[in-house]
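Worksheet: the structure to be examined is printed underneath.
Protein chains: 4
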Amino acid sequence: MVKAAVMSEPGKLEVKSFDLPKVAENAMLVRIKACGVCGTDVHLFRGHMKSTPFPIIPGHEFSGTVEELGPKANESLNVRGGELHGGDRVTVVPGLPCGKCYYCRNLPHYPNLCTNRLIYGVSRTCERPPHLYGGYAEYIYIEPGSWVYKLPDGMSFEVAALAEPMAVATRALERAFAPGVPFAGMGFGVGATVVVQGTGAIGLLTIAAAKVAGAGKVIAVERVKQRLRMAKRMGADEVVDMRELRTQEERVRRVLELTDGVGADVVVECTGVPAAVPEGLEMVRRGGKYVEVGHFTDPGGVEIRPHVICYKDMDVLGSWVYPLTQFREALAVLNSGRFPFKDIFTHRFKIENALKAIQASEKGECIKAMIAP
Amino acid sequence: MVKAAVMSEPGKLEVKSFDLPKVAENAMLVRIKACGVCGTDVHLFRGHMKSTPFPIIPGHEFSGTVEELGPKANESLNVRGGELHGGDRVTVVPGLPCGKCYYCRNLPHYPNLCTNRLIYGVSRTCERPPHLYGGYAEYIYIEPGSWVYKLPDGMSFEVAALAEPMAVATRALERAFAPGVPFAGMGFGVGATVVVQGTGAIGLLTIAAAKVAGAGKVIAVERVKQRLRMAKRMGADEVVDMRELRTQEERVRRVLELTDGVGADVVVECTGVPAAVPEGLEMVRRGGKYVEVGHFTDPGGVEIRPHVICYKDMDVLGSWVYPLTQFREALAVLNSGRFPFKDIFTHRFKIENALKAIQASEKGECIKAMIAP
Amino acid sequence: MVKAAVMSEPGKLEVKSFDLPKVAENAMLVRIKACGVCGTDVHLFRGHMKSTPFPIIPGHEFSGTVEELGPKANESLNVRGGELHGGDRVTVVPGLPCGKCYYCRNLPHYPNLCTNRLIYGVSRTCERPPHLYGGYAEYIYIEPGSWVYKLPDGMSFEVAALAEPMAVATRALERAFAPGVPFAGMGFGVGATVVVQGTGAIGLLTIAAAKVAGAGKVIAVERVKQRLRMAKRMGADEVVDMRELRTQEERVRRVLELTDGVGADVVVECTGVPAAVPEGLEMVRRGGKYVEVGHFTDPGGVEIRPHVICYKDMDVLGSWVYPLTQFREALAVLNSGRFPFKDIFTHRFKIENALKAIQASEKGECIKAMIAP
Amino acid sequence: MVKAAVMSEPGKLEVKSFDLPKVAENAMLVRIKACGVCGTDVHLFRGHMKSTPFPIIPGHEFSGTVEELGPKANESLNVRGGELHGGDRVTVVPGLPCGKCYYCRNLPHYPNLCTNRLIYGVSRTCERPPHLYGGYAEYIYIEPGSWVYKLPDGMSFEVAALAEPMAVATRALERAFAPGVPFAGMGFGVGATVVVQGTGAIGLLTIAAAKVAGAGKVIAVERVKQRLRMAKRMGADEVVDMRELRTQEERVRRVLELTDGVGADVVVECTGVPAAVPEGLEMVRRGGKYVEVGHFTDPGGVEIRPHVICYKDMDVLGSWVYPLTQFREALAVLNSGRFPFKDIFTHRFKIENALKAIQASEKGECIKAMIAP
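Chains as they are written, first to last, in our numbering: chain A, 1 to 373; chain B, 1001 to 1373; chain C, 2001 to 2373; chain D, 3001 to 3373.
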């Protein structure tokens, strides 16, 4: 029997047992070693996402070993890192594009735009066999078409469980660093000054990724002491403590002081708090870039001045999820060995205590919690 | 003696006479044939721009003939189109970067970011000799360093007087069409669907430029009947009449109907009205681009939902002025002969009636007024 | 019975009859109205491509009407232009990526890189049912996964049969116009000067596409009188006649004369002749772009000077096939109504005379031949 | 009196004394602390460059302290890093665009394209006062308009003397990493595989810069043992020893082995040897990028197959010099502290021994020589 934490309805999370499924010839069973708890999981638990198909096993940030492999799985899966064998250490991209919506048909090179993504731990119910479609479990059943990445030698399962949020972070950064940068000195890339608003897991990983990509001064803006300390460990050169600098004016002034009076080349919004947006827009230099990756849910509106965007000749760039290939960059950053990524997990829970993990995450007690069988 | 319209203080515009200046060896005197009246001129007249150095001769959208040329002017000026001679037909980029501010020194390839631009008709007083630094006059005195473009054969002075606003329009479009478009089918360029919000002069020129650049369906959103008619003449395939579709919801729905239900590839904001921004954001498809070029002054704030930008994975791109080379594209579009550009000037005034031109522009009676000696 | 022209082995092309196939629930049968003859068809006939799976029905540039549609075909096909019904006028992207090779797995947004493409009329044998996998036939059997484009209203089947080579041409141009062009005046796009070397079908379509995308001066270099005349009809502003300017030096000098002495912004190689490459590199201005789209087969090597590429700071850009979405741009250009595209087909043949079509193409008697039932 | 090494004619280099010049109000005198010997200096010495205005003081890669500063020099110079004072530690961009040629006027954002650059140590004679226009001297006289960078705290003068070649190296890399990279997983940037052909100073700095920018596996191809060792110290993950793998076939096969059988994402040519080009083209994966930065002089031609470029859909990108802003990135990489940059200078000479420095460089005895007063 396989143990899993199941959300049967909003607000309810309990451990259940399932039969070990029979693996189809083009599918795979992975024994889970580590699974991160994401803010999305809390939203699922609270019933904030209307489309959630309860009952569901949460967990979309997982790593583990290949327990059983269908004889045609190496063809039906998109495997990176060479042929797959039993026992291999892997992580899996949780979301798959539907292939049928307007965006899949018209912009197939933008799979993140799919309006109907099938996501392990988020949009796949556990109602019917093989049931095991989430990461808060001993095993997960991987369907054909999934993207599977073998882990680099020496990377721990815990660090590998960060590949999914690191994919979010690196894609957000690439929105600022990459497009239409034809020339040295436009201020992006090596030597660029980057402000990261909010240092939850995505913010922390953004800081580290910026440093690995050669950023110059990275400035973290945060309110929680524990997170500010972690921001420094993840590579932040400067921190702006919101408990000391209590107003937008003070914080913007501080960022200007730290950037020759002109503002940062890039600001990445990782808070999900609307008020961060007008503040962040003030922190960008003219011609700079503002990346909006924090508002993956909709907490409402905020007033901005369009003139600021026009006058600054700036880019405001939304970043939604990531392409299926993004795990390559994510694993490369995690594998750089330059920052103590493992310590982003401040709390660890057994499957039996998944409810406590959700509660601790909701209260903000932990930077990031992990579920491990 | 040279006749010119002078703003001596906010709200006051009167005709004065100046001596014909002696031309320095590295300068040039141009006899003005046509000068457009820009919304900025109205702002100058109303004293909205604190930095205006009264007294001033307005007019920064002008064309004319070379009256006198200093012996070293071909070296000191940046001339495009071959060596300059007396009698040549020209237009001149009105703004010059200062070369000294942070942006000039750090991002010299972005001269539009200069925080201290010297602009004929906008930031050059007529207090001291040679006085003639604006387009509402019989002559204008062109200083060394200025960018001078010879007119293509057969282009009228009136059409050439549109080079400056066309530079604004084409640069705004390039913000959406060009950067980071590595691939067919991303939806920009040939075949792209473009919404233009507001069809004043900039909006109309944006419509025409989009068609010349190969756009597919171009949709104009406007309230004024005269402008909607002109939008069609400038190449708009569809118009959304704000008097008929009176709410944001109706207009967004109409744009969706016209775009397979997904929204436009590109939306360009040319109204300068804050409320247009949240409406326009709703009109962009996911992965699409929103260009903010209308808010060159600051009428205040408006509420937007950051989640829309994040979820749509979209670009919101400010467009401020244009690089000095932009007149090449502007003249190429105007020279395409595909649209009746001259008719954008609905009213013509003598220098003596410059005040009436300002008043007619302020009341919105004309699409665009022209001053011609 | 269905009539088709079959290559059973190199050098042999004969008409055969096949049963009208039963259409599977996720497939489609198209009644062919027009099919272009491509240089590739001649190479197939001559056995130049080792991987050709004889017997084969050639023809990958076709248009027609939907004869029969499986009940699930609207889901299994990638249809653009709305839901598909019997009788709809369509064209189909002939090549499909395999989904399994290194490039499909690692760079899925570059389907043109697939090393194992399945191509109607090129790499699908007609040995087994349903047999009908090529365009030199009365019907073609379209498998699930194929990309189907409905024709714009009013576009003839003949013009639609040019969608495939126009996809090649527009993709080649986009290699030069689009990537990393963040700024006005970099010389690409509106107003750019473009040289097209060779005015076979791809060259002619490149000329027209450049004009539709707003190019300035387009210069055609060609040896054959008939083609030079057609180049002008397709929008070329200038032609360089290789019979008059017989040496590389003369032709390069002529292009410099036509481009202010600096060379063209973009040169597109559409000849497939190695000697064109060093000549074309000399025709590009510094900082310009050279697109290599003509050498889709390998006629051997040619000497170039690496210093030219280094000193010119130029881009030499290979262009191989096109992404699946490229037909959108191709159809948009063909639908512009600005050039007499139909006249590119100078010869028309019945299926029974397919051999004559191949022979006429090989001899260069026609600009482009068409097979039509 | 000021000591300087002067080339009075090809093949002749001797030490001369000049008067300490009077510094104009908009100029600056720098006391030189270190000056690198570049391959260009050897070409100057051998008279390979026709335009060299003998007599000349060589040396364009220098750092030092501000000895004397004209009262208006902070305005007339382009200073980065804050206001300049006597005693400040600086390095200076040696080349300045002329501002008058076609490229300066039409593509001012590409100052590297200027056909008439004025370069300290390369194209400025020492015939007339103030004479001191080269780095092989105790002082250098800096004219208005020059770009001056203050050194980061803690950076040694020796490392700072590498800013100029590092500008070449980072700009070459940016040609591959930056333009038109809109998306994760296109293979450039973080995690990309980079081959560097040739590990002289430019090659070594390219290796280090690639690592600082987050490259994955970096592979150096070189023949000289000392340089292979240094390549590893500068961050190369793998080396291909040309003395062991003696044929192109063996080396290409080795690179394929090291890159999953597909070739490298990026190959940078830093040898200046024509035969490296066809070899390097074979080492690039499909869709990859080849940067040609080594052929800054013209040793002649080499045969390539155009089909390779077309079929691979690859970019061949020339890289000529760098923009004036590039020193920002160059100093950022040098300031990363991640590699022992100082050790690239294997030999140090007094001004009196400048001839020996040139001779040792020509013989290839040193990786890089330095002149220091």
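Here a beta-carbon is modelled for each residue, glycine too, at the ideal position from N, C-alpha and C.
Fair warning: this is a prediction, and the values are worked out from it, not measured in the lab.
Hey, would you say residue i sits closer than 8 Å to residue j, going by beta carbons?
{"i": "Y139(A)", "j": "A354(A)", "result": "no"}
{"i": "V2093(C)", "j": "F2341(C)", "result": "no"}
{"i": "I351(A)", "j": "K368(A)", "result": "no"}
{"i": "T3259(D)", "j": "R3286(D)", "result": "no"}
{"i": "V2122(C)", "j": "L2044(C)", "result": "yes"}
{"i": "A3264(D)", "j": "V3194(D)", "result": "yes"}
{"i": "V252(A)", "j": "Q197(A)", "result": "no"}
{"i": "V1037(B)", "j": "V1090(B)", "result": "no"}
{"i": "G2301(C)", "j": "Y2290(C)", "result": "no"}
{"i": "C3035(D)", "j": "E3061(D)", "result": "yes"}
Does residue i pass the burial test, meaning 16 or more other C-beta atoms within 10 Å, or should it be called exposed?
{"i": "P1165(B)", "result": "buried"}
{"i": "K50(A)", "result": "exposed"}
{"i": "A2220(C)", "result": "buried"}
{"i": "K2012(C)", "result": "exposed"}
{"i": "M3028(D)", "result": "buried"}
{"i": "V262(A)", "result": "buried"}
{"i": "R3175(D)", "result": "buried"}
{"i": "M2370(C)", "result": "buried"}
{"i": "P1053(B)", "result": "exposed"}
{"i": "K1211(B)", "result": "buried"}
{"i": "M1(A)", "result": "exposed"}
{"i": "E2329(C)", "result": "buried"}
{"i": "R3046(D)", "result": "exposed"}
Skipping 5 residues on each side, what residues in its chain have a beta carbon closer than 7 Å to that of residue i?
{"i": "R1171(B)", "result": "S1319, Y1322 and Q1326"}
{"i": "K3072(D)", "result": "E3025 and N3026"}
{"i": "A192(A)", "result": "A215, G216, D265 and V266"}
{"i": "P2152(C)", "result": "L2331 and N2335"}
{"i": "M283(A)", "result": "V195, V252, V255, G263, A264 and V267"}
Given residue i, which residues of its chain have a CB within under 6 Å of its CB, disregarding the five upstream and five downstream residues?
{"i": "N3074(D)", "result": "E3083 and L3084"}
{"i": "T346(A)", "result": "C366 and I367"}
{"i": "R3254(D)", "result": "V3240 and L3245"}
{"i": "M2314(C)", "result": "V2284 and G2288"}
{"i": "G3086(D)", "result": "V3066 and L3069"}
{"i": "V1148(B)", "result": "L1077, V1079, V1090 and V1092"}
So, at 8 Å on beta carbons, what are the nonlocal neighbours of residue i in its own chain, with the 5 sequence-adjacent residues on each side left out?
{"i": "G145(A)", "result": "S76, L77, N78 and L96"}
Counting along the chain, where does the alpha helix (DSSP H) carrying residue i start and finish?
{"i": "K2217(C)", "result": "No alpha helix (DSSP H) holds K2217(C); DSSP gives it neither H nor E."}
{"i": "V316(A)", "result": "From DSSP, V316(A) is part of no alpha helix (DSSP H) but of the beta strand (DSSP E) over D315 to G318."}
Residue i lies in the beta strand (DSSP E); which residues open and close that run?
{"i": "C2035(C)", "result": "M2028 to G2036"}
{"i": "E2292(C)", "result": "V2284 to E2292"}
- How do the region 2095-2114 of chain C and the region 2073-2087 of chain C stand: do at least 3 beta-carbon pairs fall below 8 Å, yes or no? no
- Task: For the region 2008-2016 of chain C and the region 2043-2060 of chain C, state whether three or more C-beta atom pairs, one from each stretch, are separated by less than 8 Å.
- Result: yes
ask   = Are at least three pairs of beta-carbons, each pair with one atom in the region 296-310 of chain A and one in the region 125-132 of chain A, less than 8 Å apart?
value = no
Quick check: the region 1232-1246 of chain B against the region 1195-1209 of chain B, are there 3 or more CB pairs under 8 Å?
yes
| task | Kindly confirm or deny that the region 2105-2118 of chain C and the region 3266-3279 of chain D touch, where touching means at least three C-beta pairs closer than 8 Å. | result | no
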